Each structure stands twice: as C-alpha cells, then as structure tokens.
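The structure appears right after this line, and notes come after that.
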Amino acid sequence: MSTRILIRSLMMTYILSSPRLVRISIPAMNKISHSKSWFLNPDRNPILHFFVRKLVYDPFSAGQNEAEIQRTMSTIKDMGFEGVILGYSKETLVDKSATAEEAAGLGRGVSCALESCVEEWKEGNLRTLAMLGTTDFLAIKLTGAGPLATESLAKKLPPPPVVLKAITEICDQASKQKTRLWIDAEQQVFQTAILKGTPANIEKHLSFAQDEGWTLGIKLVRGAYIASEPRHLIHDTIEDTHAAYNSIVQSLLTRNFPGVDPSKEFPSLQLMLASHNEESVKKGYGTWRERKENGLPTIYMEIAQLQGMADEISCGLVQARREMCSEKVEWESECYPRAFKCLCWGGAQESIQFLVRSVIENRGSLDRTRFWLVGLKRELWRRIKSPLGFR
Numbered sequence: 075m076s077t078r079i080l081i082r083s084l085m086m087t088y089i090l091s092s093p094r095l096v097r098i099s100i101p102a103m104n105k106i107s108h109s110k111s112w113f114l115n116p117d118r119n120p121i122l123h124f125f126v127r128k129l130v131y132d133p134f135s136a137g138q139n140e141a142e143i144q145r146t147m148s149t150i151k152d153m154g155f156e157g158v159i160l161g162y163s164k165e166t167l168v169d170k171s172a173t174a175e176e177a178a179g180l181g182r183g184v185s186c187a188l189e190s191c192v193e194e195w196k197e198g199n200l201r202t203l204a205m206l207g208t209t210d211f212l213a214i215k216l217t218g219a220g221p222l223a224t225e226s227l228a229k230k231l232p233p234p235p236v237v238l239k240a241i242t243e244i245c246d247q248a249s250k251q252k253t254r255l256w257i258d259a260e261q262q263v264f265q266t267a268i269l270k271g272t273p274a275n276i277e278k279h280l281s282f283a284q285d286e287g288w289t290l291g292i293k294l295v296r297g298a299y300i301a302s303e304p305r306h307l308i309h310d311t312i313e314d315t316h317a318a319y320n321s322i323v324q325s326l327l328t329r330n331f332p333g334v335d336p337s338k339e340f341p342s343l344q345l346m347l348a349s350h351n352e353e354s355v356k357k358g359y360g361t362w363r364e365r366k367e368n369g370l371p372t373i374y375m376e377i378a379q380l381q382g383m384a385d386e387i388s389c390g391l392v393q394a395r396r397e398m399c400s401e402k403v404e405w406e407s408e409c410y411p412r413a414f415k416c417l418c419w420g421g422a423q424e425s426i427q428f429l430v431r432s433v434i435e436n437r438g439s440l441d442r443t444r445f446w447l448v449g450l451k452r453e454l455w456r457r458i459k460s461p462l463g464f465r
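Residue numbering for the sequence shown follows the working numbering, beginning at 75 and increasing consecutively.
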C-alpha cells in the first residue's frame, strides 16, 4: 500500500470509526444523493462537486470516465489484488414499505422512454465490460434497466424481450472476452435471494446444480439493503445474522450443506466471500487453508471488500496469499483464495447513493474500525521514522 493510499485509508477509517461522524455524515450524504436541487447536486454544482469528489467520491469509487477508472484499477492491481469487481452505478430503489404492486408501477412518470432506459443501461454495462479483463468481474444491477425491468422483477415474471435481449448482449460480450459477471444483490421486492431465506435458497440451487451437473456461483454478502427492507425479513439480532452467515460459509467449505443429498457428489461450486467482518473472513480463510493442508476436499473461494473499506483486512489477504504461494508451491496457483476490491463508477450523485447504503449495511463491521485505526496509525508512524518507509 502506497503512503498516499495509507493516509487516505487512515482518514476514512477515522471517520467510519466515529459513531458521531457517521451519524452526521449519513443524513447529509443521503440528502445530496437524492436532491433535485441544482445547489445540492454534485453533478451540477461545481463547488459541491469538488468537495464531494475529494472527501467522498474518490476514496470509494472508480471514477467518472475511462481514464480515471483505468488509473484506479491499475493502482488496485499494483497493490497485489487479483482484480476488481466493477459495477455501473445505476439502480432503482423503493421504500421498504412498498408492496410488489407499488414497485411494479414505479415506471409511471419516468423521464425517459422505457426502451431508452434499457438501452442506456445496456450501453453503460457494455462500456464497463470494455474496461475489464479476464481477472475482473462485472457487477450487474438489473433494476438499472428501468421500469420494464423493475415491473417484471416485482411481479416475478420473465424479463420482457427488450430487457432479455440487452441482458443476452451483455452476457455474450462477457463470455467472449472471458470476464466473469454476477447479478448483484438488490431489494427483496425485486430479487428474492437474500435475508432469512438465504440458506433454503442456497440449498435449492445446490440441489439443482447437483442433479443437472452445472457449476453454481455464490456471492455471499450480509446486510444488503438492510435499511430499505421490511423488518420481518431480517434476522432478529446481529448475532443471529453473523451465525447464519458463518454457518453457510462453513457448510459450503466443508461440502456438507444441510438438505443437499450426501449420497451424490457435491456440486461444482465457486464462492465469493464478500464481507467486511474480520471474524467471518478469518474463519472462512482458516477453514479453507486447514482443509487444503490436510488433503480434505473443499471449494473454490475468493474474497472481496468494497473499495475504501476494510483495507486492513484486504491488504492482509493479499499478504497472506503471497506468503502461501511461497510456502506451498505444490498447490495449484488458481486454488489460492484471491482478494478483490469492489467499486462502482458513474456520476457523483448516483455513486453517493451506493456509498450511503454500503455504510449503513456495514455498520456492524465498522464497529471494529477502531482496531484497524490503531494498525494504520502504527504503520504510518513506522514509515515516518524510517527513511525508506515512504514510497
């Protein structure tokens, strides 16, 4: 980690470790991210744009154009990360009290023609793909395609032809250039793949993969859209959430998932452990390594955190993989858990919406940032004292 990034990480970690600063900043950012006012829109007000970019946008986002994004991606990969998970920041959010019928009718009064919304979303994702390589991921939010997509998602219907055609074009291009993609998490009203029903949903898809012989990809994240979901869908306590998340990871890593037929071969599986929780990352990584060292079967696992958050965990994963590669040369390099950084690109206002939601979702993990803060301060002080420490 360069000293410039270390200082930036130290500053952001200091802010995130302060409950008072977080309480003050979230309402302010939320106001800016949804304001219709010229004055409070960072994409229209150049003075506000300057401060938002320096304080909020740049530490967490990829950039607003190809040149900025490529610089950000190069910096991340130069630090030792395998690649990036890049998403186009356009999505649709509804109030947590909205019914499926209300969500389905969200398109009334939109400013763009329905097909134009889909075309803009498709071109944004194809533009994103053009910046990615074989070690990267494209993160797709289906609601970004606008009212035609949100209506079919809310009603649990197949996508209309124009949306399906756009999705197919994106997938075909990703396949052609050998870039992996995932369908990103969204609110339960649009995508019933999260919250309390996660274990049963995973069991169902594992069974499908087992019976039909295809590889299942799972991105496991906790807290997605927690501030905009009905309360009854969320675990009663944070401890219950942690227990559910960790038990899913352990069951997948040991290839012994409840409900999956043990008499049949466990299905081919790739797991992206997406977490800022240090305990979950250490448990998952430790179980994977223990099974590898003891010759026990496990699964392909990769680990990711958001850009600008949990940098101490992320950089620790990069260092651990380097050490493992030198110690365990007999292991195939593609089996090592690789570390990724996840980030979005686009306009400042839309990207702030993503950031606000991410901070709210990760409040539980941010409680531990005071411990990361100590480590970052110690490292900066070490570099100040050492004439060779700065780079």
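Note that CB positions come from ideal geometry on N, CA and C, so glycine has one too.
Since the model is a prediction, treat every value here as computed from it, not as a measurement.
Name the DSSP bridge partner or partners of residue i?
i, result
"C418", "G161"
"I292", "L345"
"M383", "DSSP, once it has assigned bridges, lists no residue as partnering M383."
"M103", "For M103, which the question treats as bridged, DSSP gives no partner whatsoever."
"A413", "I377"
Going straight from the alpha carbon of residue i to that of residue j, what length do you get?
i, j, result
"A259", "K215", "7 Å"
"V130", "H279", "38 Å"
"I458", "L80", "12 Å"
"K164", "C245", "18 Å"
"I150", "K415", "8 Å"
"E243", "I98", "43 Å"
"W195", "T328", "39 Å"
"P120", "K105", "17 Å"
"M103", "S425", "11 Å"
"G420", "P233", "25 Å"
"I373", "H108", "41 Å"
"Y359", "I387", "12 Å"
"L95", "K128", "17 Å"
"A274", "W112", "46 Å"
"S337", "P371", "15 Å"
"L160", "I143", "10 Å"
"Q247", "V430", "31 Å"
"E364", "P411", "13 Å"
"A141", "K366", "40 Å"
Tell me which residues share the same chain as residue i and place their Cβ nearer than 8 Å to its Cβ, disregarding the 5 neighbours each side in the sequence.
i, result
"A283", "T289, L290, P341, S342 and L343"
"S325", "F331 and P332"
"H123", "P116, D117 and A422"
"D335", "S281 and Q284"
"Y319", "L294, R296, S349, N351 and S354"
"M205", "E140, I143, Q144, M147 and L160"
When DSSP labels each residue in this structure, what does residue i get in the three-state scheme?
i, result
"A223", "helix"
"E142", "helix"
"A204", "coil"
"M153", "coil"
"R254", "strand"
"A259", "coil"
"A213", "strand"
"I81", "helix"
"E376", "strand"
"E193", "helix"
"N351", "coil"
"L339", "Reading off the sequence, residue 339 comes out as Glu, not Leu. Coil."
"L485", "The chain is shown from 75 up to 465; residue 485 falls before or after that span and cannot be answered."
"P233", "coil"
"R118", "coil"
"W112", "coil"
"N368", "coil"
"A136", "coil"
"S400", "helix"
"G287", "coil"
"P93", "helix"
Leaving out five residues on either side along the sequence, give the residues of the same chain with a beta carbon under 7 Å from the beta carbon of residue i.
i, result
"K293", "W256, M346 and A348"
"R78", "none"
"G198", "Y162 and K164"
Looking only at its own chain, which residues have a Cβ that is under 6 Å from the Cβ of residue i, when we skip the five neighbours before and after it?
i, result
"R254", "F211"
"S321", "none"
"G154", "V392"
Flag this pair as touching only if the segment 210 to 227 and the segment 188 to 199 have three or more C-beta atom pairs under 8 Å; answer yes or no. yes
Within the chosen definition, does the segment 119 to 139 reach the segment 390 to 397 through at least 3 CB pairs nearer than 8 Å? no
If we count Cβ pairs, one from each stretch, closer than 8 Å, do we get three or more for the segment 377 to 387 versus the segment 354 to 362? yes
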